[in-house]
Amino acid sequence: MVDDGTDLRSVLAKRDDILASLAESPARKPELVDELSVSRSTVDRAIGELTDVDCVVADGSTYSVTKAGHLALAERTEYVASTDAIGRASGLLKHLPATAEIPPVFFKGATVTRSEPHAPDRAAAASASLLTEATSMRGLAPTVLKSDVFTVDGELERDDLTVEIVAERSVIDSLRSFPATPTESLLGRESLSLYESETSLPYALWIMETPEGDHAGITVHDSGGSVAGMIMTQSEPALRWANDRYREYKRRASPVAVTPD
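Structure (structure tokens):
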């Protein structure tokens, strides 16, 4: 009987491949050797260790996964997926303020897209593509690019899209002063709601609703204001956090008259 998770975590880190294989279907040791292309001694040790932590049980010479084993494997799989996403996003996270809070749950099932020298618009294109399908978009805007004005104004030509933005004062001022952009058109649209934040915004957090489901994301900008990358997810816990976080900033923001100067 396992009394705490120390041994369990250690075994899962080494033997999750064997456990995952058995979770697919019970098997004998020779079958595991063939399927996973590992030695018999490796399988022997793995089965012994997994049995010791109550993740595997034998029925004659056939081994199957216990209830505890299935639960442990599910948690291990989520942990690996989350840390993989954090690892891929680490180069982006360094661009955020030290005080910016992003819970680990946001990385569960997340897709990380980074801009590359040969494809500087790659990350921005990911959210722009999603916006073409959205019926609602709301988000925080600590910065704004000229391309954002064109993208949002163009999509608001559709009657089925509403956009709600909480922006910093500097962003609103910049928006009004952008030359050669459809700013007047954008600010004159009834389907756009703009709010001025009383505080600085830690990141460009957004939520989009589409017919296929809701998406949450964080657009990360580098020190020059260009899009460095994007973290996107559809997980329910992440969406709950993103919506709560957005509402928190909106409550402290003031409506801005969305009319051009």
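1 is the number of the first residue of the sequence shown in the UniProt record's numbering; add one for each residue after it. Note that CB positions come from ideal geometry on N, CA and C, so glycine has one too.
- Contact check for Gly87 against Thr143 fails: the beta carbons are separated by 8 Å or more.
- When only Cα atoms are considered, Ala72 and Pro97 end up about 35 Å apart.
- The C-beta distance from Ala27 to Tyr63 rounds to 6 Å, short enough to fall under 8 Å.
- With respect to Ala85, Ala110 sits close: the two C-beta atoms are nearer than 8 Å.
- The beta carbon of Ser197 is closer than 8 Å to those of Leu140, Val166, Ala167, Glu168, Arg169, Tyr249, Arg252 and Ala253 in its chain, skipping five residues each way along the sequence.
- Relative to Gly48, the option among Ser191, Arg240, Lys14 and His118 whose CA is nearest is Lys14.
- Here the alpha carbon of Val112 sits roughly 45 Å from the alpha carbon of Gly60.
- Following the DSSP letters along the chain, one finds Ala238 inside the alpha helix (DSSP H) bounded by residues Glu236 to Arg251.
- The three-state reading of DSSP puts Arg114 in strand, counting E and B together.
- By the neighbour-count criterion, in which 16 or more other beta carbons inside 10 Å mark a residue as buried, His118 falls on the exposed side.
- CA-to-CA, the gap between Leu130 and Pro179 works out to about 27 Å.
- In this structure, Ser191 sits near Thr162, with a CB-CB distance shorter than 8 Å.
- Secondary-structure assignment with DSSP links Val227 through a beta bridge to His221.
- DSSP places Thr6 within a helical segment (H, G or I) once states are collapsed to three.
- For Leu92, the enclosing alpha helix (DSSP H) has its first and last residue at Lys67 to Leu93.
- Under DSSP, the beta-bridge partners assigned to Asp214 are Glu209.
- For Gly188, the three-state secondary structure derived from DSSP is coil.
- By the CB criterion at 8 Å, Ser115 and Ala126 fall outside the cutoff.
- CA-CA distance, Gly5 to Ala23, rounds to 20 Å.
- For the 8 Å CB-CB criterion, Asp16 and Arg76 form a contact.
- Between Ile218 and Tyr246, the CB-CB gap reaches or exceeds 8 Å.
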